[in-house]
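Everything below concerns the one structure shown next.
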Amino acid sequence: MLTTIVVFIIFLGVLIFVHELGHFIMAKKSDIRVEEFALGFGPKLISQKRGETVFSIRAIPLGGFCNMVGEMPVDKEELSEEEVRLYEETVEQGRAFHQKSPGKRLLVLAMGAIMNFLLALVAFVLIFGIYGLPVDYSREAVIGQAYPNHPAAEAELRAGDRILAIDGQSVESWDEMVSFIHENPDETLEFTVQRNDSEMAFNVTPRYDENAGHGIIGIEPDIIRERMGPIATIQGAVVQTGYVIRMIFNGFVQIFAQRSTEDLGGPVMIASIVGEAARTGFDDVLNWLAIISINLGILNLLPFPALDGGRIVFVFIEMIMGKPVPQEKEGFIHMIGFFLLILLMVFVIYQDIITSFF
Numbered sequence: 001m002l003t004t005i006v007v008f009i010i011f012l013g014v015l016i017f018v019h020e021l022g023h024f025i026m027a028k029k030s031d032i033r034v035e036e037f038a039l040g041f042g043p044k045l046i047s048q049k050r051g052e053t054v055f056s057i058r059a060i061p062l063g064g065f066c067n068m069v070g071e072m073p074v075d076k077e078e079l080s081e082e083e084v085r086l087y088e089e090t091v092e093q094g095r096a097f098h099q100k101s102p103g104k105r106l107l108v109l110a111m112g113a114i115m116n117f118l119l120a121l122v123a124f125v126l127i128f129g130i131y132g133l134p135v136d137y138s139r140e141a142v143i144g145q146a147y148p149n150h151p152a153a154e155a156e157l158r159a160g161d162r163i164l165a166i167d168g169q170s171v172e173s174w175d176e177m178v179s180f181i182h183e184n185p186d187e188t189l190e191f192t193v194q195r196n197d198s199e200m201a202f203n204v205t206p207r208y209d210e211n212a213g214h215g216i217i218g219i220e221p222d223i224i225r226e227r228m229g230p231i232a233t234i235q236g237a238v239v240q241t242g243y244v245i246r247m248i249f250n251g252f253v254q255i256f257a258q259r260s261t262e263d264l265g266g267p268v269m270i271a272s273i274v275g276e277a278a279r280t281g282f283d284d285v286l287n288w289l290a291i292i293s294i295n296l297g298i299l300n301l302l303p304f305p306a307l308d309g310g311r312i313v314f315v316f317i318e319m320i321m322g323k324p325v326p327q328e329k330e331g332f333i334h335m336i337g338f339f340l341l342i343l344l345m346v347f348v349i350y351q352d353i354i355t356s357f358f
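Residue numbers (UniProt numbering): 1 to 358.
Now the structure itself:
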């Protein structure tokens, strides 16, 4: 449990750091004053000022921020004399976020997600470089991956388990096992499994998948890999990154189209995924790092107030209308969006806990 928590915090920290680093680098290149670069929310645990920016780690590791002067409207009456002086000095120098051209602001806002996509690309390059490119799937009835919140994972089947029999019937191949699962949706099946040197039994109930039209338990076979040269490795990583981006984007579209929250997962689910990946191997950790990094990038680009995508919408409105939306109005809309996101986060965490523990 402790290992899972530590790995989860490091994992999440890497994702957030890379995202906020994208904003920070582009802000500095655009000569925008950055007041604070923070990992986490809430009270500061560690902070140090370097140059004009305070770098901090905060108590709640579920996000982060890159606080740029002029990104949000300022009420000078709520600021100290020193803060007012610094704000006015920044504006006089033309270094506030809202003073920059729409093109520069677009790049600053989009760079967080772009860095998440680049992190995924690097992770896939490492996987394919170290372990090889996937060239085929194993025909053996060995679980390569068990997806969280699916029947196999809920029954505590895991990667590396060899399926010996289902309901007493011997299983000789992956295809034979899959056929049995497909044909028995909503029926509890006893899986006889070899795990390391032990033989174990698990009760698994395949879930009927309306899209597929048959039972599923949420597993994938082992992947057969072959090591290639650097060019083929990079090409494979680019293709895989593009594929995962499309897959996750389509998943978001499906969630909104069906207005369903069943497939939403939060910190508890991510911690479960990361903990399981840490037990199964470094390649699994890298794979999930890439997938969740792309998730984070796409999520932040959604056109919702307070997210990067919502702010980008206002920049496009300015480019179309020829003048910016008043900062006070935009700030109010983002504030409402922020509170709605907090409510959504609370709901997702609640759903996470119910799904994982009850």
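Built from N, CA and C at the ideal position, the CB exists for glycine as well.
The alpha-carbon separation between HIS334 and ASN300 amounts to approximately 13 Å. Remark: C-beta atoms of GLY275 and ASN116 do not approach each other more closely than 7 Å.
Shown here, PRO151 sits in a helix according to DSSP, grouped into three states. Fewer than three beta-carbon pairs drawn from the stretch 239-257 and the stretch 181-196 are found closer than 8 Å, and the two stretches are therefore not classed as touching.
By the Cβ test, the stretch 53-60 is not in contact with the stretch 79-88, since fewer than three Cβ pairs between them sit closer than 8 Å.
The beta carbon of ILE127 is closer than 7 Å to those of ASP283, LEU286, ASN287 in its chain, skipping five residues each way along the sequence. Between the stretch 302-311 and the stretch 329-348, the count of C-beta pairs closer than 8 Å reaches three or more; the two stretches touch. Excluding five sequence positions before and after ILE349, the CB atoms of its chain that fall closer than 8 Å to its own CB belong to GLY266, PRO267, VAL268, given in chain order. Between the stretch 142-152 and the stretch 218-229, the count of Cβ pairs shorter than 8 Å is three or higher; the stretches touch.
For VAL325, the secondary structure class from DSSP, reduced to helix, strand or coil, is coil. Contact between ILE60 and PHE41 holds, since their C-beta atoms are separated by about 5 Å, short of 8 Å. Take ALA290, set aside five residues on each side of it, and the residues of its chain with a beta-carbon closer than 6 Å to its own are ALA120, ALA123, PHE124, in chain order.
According to the DSSP assignment, MET115 belongs to no beta strand (DSSP E) but to the alpha helix (DSSP H) extending over 102-131. Taking the Cβ atoms as the reference, GLU92 lies roughly 19 Å from ASN67, outside the contact range of under 8 Å.
Under the rule that a run must span 3 or more residues, the beta strand (DSSP E) segments found entirely inside the stretch 15-61 read 34-50. One Cα belongs to ILE317, the other to ILE231, and the distance between them is close to 41 Å.
For SER101 and VAL315, the gap between their C-alpha atoms comes out near 10 Å. Counting only the Cα atoms, MET319 lies some 50 Å from LEU2. When secondary structure is reduced to three states using DSSP, ALA290 falls in the helix class. In this structure, HIS23 lies away from GLY160, with their beta-carbon atoms at least 7 Å apart.
Around the CB of ALA212, fewer than 16 other CB atoms lie within 10 Å, so the residue is classed as exposed. Closest option to VAL244, judged by alpha-carbon separation, among ILE294, ASP31, ILE273, VAL178: ILE294.
PHE191 is classed as buried because its beta carbon has at least 16 other beta carbons within 10 Å across all chains shown. Partner residues in the beta bridge of ASN203, as assigned by DSSP, are GLU190.
Counted as a single uninterrupted DSSP element, the alpha helix (DSSP H) harbouring PRO267 occupies residues 267-280. Annotation for GLU82: the continuous alpha helix (DSSP H) segment containing it runs 81-92. Per DSSP, ILE181 is one residue of the alpha helix (DSSP H) stretching across 174-182. Shown here for ALA155: same chain residues with a beta carbon closer than 7 Å to its own, the five before and five after excluded, namely PHE202, ASN203, VAL204 in chain order. For the set PHE249, GLN240, SER179, the Cα lying nearest the Cα of ILE216 is the one of SER179. Straight across, the Cα-Cα distance linking PRO206 with HIS19 is about 38 Å.
DSSP, reduced to helix, strand and coil, places GLU71 outside both helices and strands of the structure shown, so it counts as coil. Distances from the alpha-carbon of LEU62 to those of LEU79, LEU106, GLY13, PRO43 put GLY13 closest.
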